[in-house]
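Student: If you scroll down you'll find the structure; I have some questions about it.
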Amino acid sequence: MLSISATLETTEFTTDFFPTYYQPFFVKMIIFGEFSGDDNGIMVLNREHSILECLSFFKGVVDKTIISKLPVVYVARTSMGDNPLDVNKLAFKLQGVAHVICEPEDGIELTGFSDVLDSNDARAGKIFLYYPSHNKKSRILNLTGSCQDADYLEDRVVNDVYNYMNSRIRKAIDTWDGVLTEKLHIENKKLLSNQSAIEEENNNLYDIFGEQLEKMEESNVKLSNEVQRLNAELQGLRMRYSDKDKSPVLYLGDEREFYTDEIKEIVLDIMSEYQKNCKEDSRRWHIISDLLESNEFKGLPEKRKEQLKNALKGYKNLNGSLKGLLETLGFEISDDGRHYKWIYYGDHRYVATAAKTCSDGRAGMNLSSIIEKLMF
């Protein structure tokens with residue numbers, strides 16, 4: 001297996017911040033020569049596949065009975081029988097990073113896939129994106145609005161595919177450092193296997209060497225995992241600021257984040273609540289829907305509310321498990337005086353006062369409501 005990872009970095013001399021992606025030449029040679037292997041029987045190519053060649057594969061991807069190695073892009077013809085974009089150009093730009101599947105010129109009838117795919121009118125002119133991860137929702141893209149054209153649609157597909165593939169964590173063995181570590185591990189095992197052939201007086205030295213070697217390899221594995229985690233975190237941060245077909249709608253102010261993505265999560269939570277009162281299919285409804293769809297929304301404020309509400313049911317006193325949960329949620333607890341003070345991330349603008357002992361059955365729910373409104 002050959003794994004290639006290409007990265008782009010900027011310096012103070014960089015002038016082009018939106019470069020076009022090109023694969024290394026020898027990687028293109030592998031794909032052009034059709035030596036890049038197959039994915040559940042489907043060749044990895046830089047050109048499109050006809051749905052007639054891979055109908056069972058595509059149905060398995062839609063049904064989630066097949067886990068593909070690469071994303072799948074299905075391009076449905078318009079009601080006029082044309083493709084909404086140049087499928088050959090799209091496949092070439094993706095460079096074998098995803099399978100592009102298109103329909104024949106005379107069209108095709110699909111049955112047993114989904115309500116949208118089974119209807120010629122419903123799927124006409126749309127592009128369907130399916131990802132190897134079942135936790136990543138599939139996407140449907142089409143040309144809507146007078147300002148969009150085929151090139152814009154093509155860019156969205158390419159960027160979505162590359163952003164997904166760039167966010168995947170690579171195993172250590174897929175990197176050159178991992179290969180060298182595995183080679184060293186094999187050589188070390190060979191040395192240890194020859195232990196019986198060494199004179200008896202050297203056995204103690206081998207025991208010491210073996211213990212040191214195990215500790216070193218455990219340390220190497222931990223360090224390697226940490227490097228992978230940091231690389232994935234760095235790639236995620238790069239993706240947040242490098243998507244070339246999007247620009248920031250809002251800029252951060254002076255408020256610091258208490259936890260990762262806190263400000264974004266609260267803003268998206270507010271937008272989600274506001275959308276419920278918007279007239280459906282109005283301009284505001286479309287804009288909010290697009291922003292919610294284009295930004296990953298984990299619902300962290302709501303999860304925090306639910307955790308706190310469950311923990312404070314029937315609150316009597318601050319036991320060990322409740323204290324641990326509060327500290328996990330970012331509270332600093334002060335027990336000076338007759339009452340506790342729960343300070344959110346040490347910011348004295350957000351303080352809740354709680355009795356040290358309480359007999360009121362509703363006190364916990366009232367305290368939970370105060371904290372939700374003030375801090376979440």
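By the UniProt record's numbering, the letter at position 209 of the sequence shown is numbered 209, and the numbering carries on one by one without gaps.
Where a beta carbon is used, it is the ideal one built from N, C-alpha and C, also for glycine.
Computed from a predicted model, the values in this text were never measured in an experiment.
Are the CB atoms of Phe331 and Tyr315 nearer to each other than 8 Å?
Tutor: no
Student: Rounding to the nearest angstrom, what Cα-Cα distance links Phe13 and Asn166 in this structure?
Tutor: 25 Å
Student: Assign Leu252 to one of three DSSP states: helix, strand, or coil.
Tutor: coil
Student: Let's test the definition: count the other Cβ atoms within 10 Å of the Cβ of residue 378 and tell me whether it reaches 16, buried, or not, exposed.
Tutor: Residue numbering for the chain in the displayed model covers 1 to 376; residue 378 lies beyond these limits and cannot be assessed.
Student: In chain order, what residues of the same chain have a beta carbon less than 6 Å from the beta carbon of Ile169, not counting five sequence neighbours either side?
Tutor: Gln228 and Ala232
Student: Cutting at 7 Å between CB atoms, please list the residues of its own chain near Phe376, excluding the five before and the five after it.
Tutor: Pro301, Arg304 and Lys305
Student: Any chance the region 362–376 sits against the region 338–353, with 3 or more Cβ pairs inside 8 Å?
Tutor: yes
Student: Whether or not the region 262–281 and the region 353–371 are in contact is what I'm after, with contact meaning three or more pairs of Cβ atoms, one per stretch, closer than 8 Å; do they touch?
Tutor: The region 353–371, when compared against the region 262–281, does not touch it at the 8 Å Cβ threshold.
Student: Mapping the DSSP letters down to three states, classify Ala91 as helix, strand or coil.
Tutor: helix
Student: According to DSSP, is His134 part of a helix, a strand, or is it coil?
Tutor: coil
Student: In this structure, does DSSP put Glu372 in helix, strand or coil?
Tutor: Helix.
Student: How far does the beta strand (DSSP E) with Asp331 in it extend, from its first residue to its last?
Tutor: For clarity, residue 331 is Phe in the given sequence; the question names Asp instead. Phe331 to Ser334 is the span of the beta strand (DSSP E), which, as asked, contains Phe331.
Student: Once you ignore the five residues that flank Leu110 on each side, which residues in its own chain have a CB closer than 7 Å to its CB?
Tutor: Result list for Leu110: Leu117 and Asp118, in chain order.
Student: Counting Cβ pairs, one atom from each stretch, are 3 or more of them under 8 Å apart for the region 22–35 and the region 80–99?
Tutor: For the pair of segments examined, the region 22–35 was found to touch the region 80–99: the number of CB pairs separated by less than 8 Å reaches three.
Student: Hey, how far is the Cα of Asp63 from the Cα of Lys190?
Tutor: 47 Å
Student: Ordered along the chain, which non-local residues of its own chain (more than five positions away) have a Cβ less than 8 Å from that of Asn142?
Tutor: Pro84, Gly125, Lys126, Ile127 and Leu153
Student: The ligand NAD and Leu213: does any heavy atom of the ligand fall closer than 7 Å to the residue's C-beta?
Tutor: Looking at this structure, you won't find the ligand NAD or any other ligand, since it has none at all.
Student: Use the C-beta contact count for His339: other C-beta atoms within 10 angstroms, 16 or more gives buried, fewer gives exposed.
Tutor: exposed
Student: Pull up the DSSP beta-bridge partners for Asn317, would you.
Tutor: Thr357
Student: Looking at the strands, I want to know which residues DSSP matches up with Tyr344.
Tutor: Phe331
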